[in-house]
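To start, the structure itself, in structure tokens.
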Amino acid sequence: MNGDCMNQFCQNENVPLFQAVFSDQTLNFCQKCHDLYISHKCCYFCAQIYSDENNTNLDGKEWVECDIDNCGKWTHVECEKRNGEQNIENLLKNSKYTYQCPWCRIENQRQKKIITTKKIHKHSPDTRQQEPPKPFIDELLKKYGGFILQVTLEEKLMDLEKIKSLLNQQL
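If you number the sequence shown the way our numbering does, the last residue is 172 and the count never jumps.
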């Protein structure tokens, strides 16, 4: 399928398009923007693509770079403020503040769960086979229930809306 890249700052028109999923939407990008998106070279919250190589994809908004070693991902300050760290602007004024992008925060939480699980298993007096820890989404489903098995796209979208609603309640 040919068309215009969804990245509003991309100049590629009437080119082959490649699909990517963002939240509950399907995005159509040119090959270059698709590769950047797949590499997480986009704002985690709004999916605006950026390139480290040039400024052609910049949108004039304020971005913040992750301070975690070897990450280098960028996020819109406004998107972070609205969806993540509400106090980000004040935190960035502090030269000692270390910004952690959403991808690193997710990975950090995942690693903490793995370490905690290893400690529990290591010190557990019960020598029987224990079930592996369930993913966060399983715990959310168990706690709040009301979800159906995801069979059709419509049912998946209904489940995603319920999950979004529950997550918004937690914030």
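Yeah, the Cβ is synthetic: ideal placement off N, Cα and C, and Gly gets one too.
Cβ-Cβ separation between tryptophan 104 and lysine 74: approximately 6 Å, consistent with a contact (criterion under 8 Å). For glutamine 26, the enclosing beta strand (DSSP E) begins and ends at 26-30. Phenylalanine 30 counts as buried, since at least 16 other C-beta atoms from the protein chains shown sit within 10 angstroms of its C-beta. If you compare the alpha carbons of Cys34, Asn91, Gln20, Arg106 with that of phenylalanine 10, the shortest gap goes to Cys34. Comparing C-alpha distances from lysine 42 to each of Thr76, Lys97, Gln112, Glu90 shows the shortest one belongs to Thr76.
Short of 8 Å from the beta carbon of leucine 158, and not among the five residues preceding or following it, lie these beta carbons of its own chain, in chain order: Asp25.
Counting other Cβ atoms within 10 Å of its Cβ, valine 65 reaches 16 or more and is therefore classed as buried.
When DSSP reads this structure, cysteine 43 sits in a beta bridge with Ile50. The three-state reading of DSSP puts glutamate 66 in strand, counting E and B together.
The alpha-carbon separation between lysine 82 and threonine 99 amounts to approximately 16 Å. When beta bridges are read from the DSSP output, tryptophan 75 appears opposite Glu66. Counting along the chain, lysine 94 sits inside the alpha helix (DSSP H) bounded by residues 89-94.
Buried is the label assigned to methionine 7, since at least 16 other Cβ atoms lie within 10 Å of its Cβ. Under the DSSP definition of a beta bridge, glutamine 12 lacks any partner. In the DSSP assignment, the residues bridged to proline 17 are Asn3. For the pair valine 16 and isoleucine 115, the Cα-to-Cα distance works out to about 43 Å.
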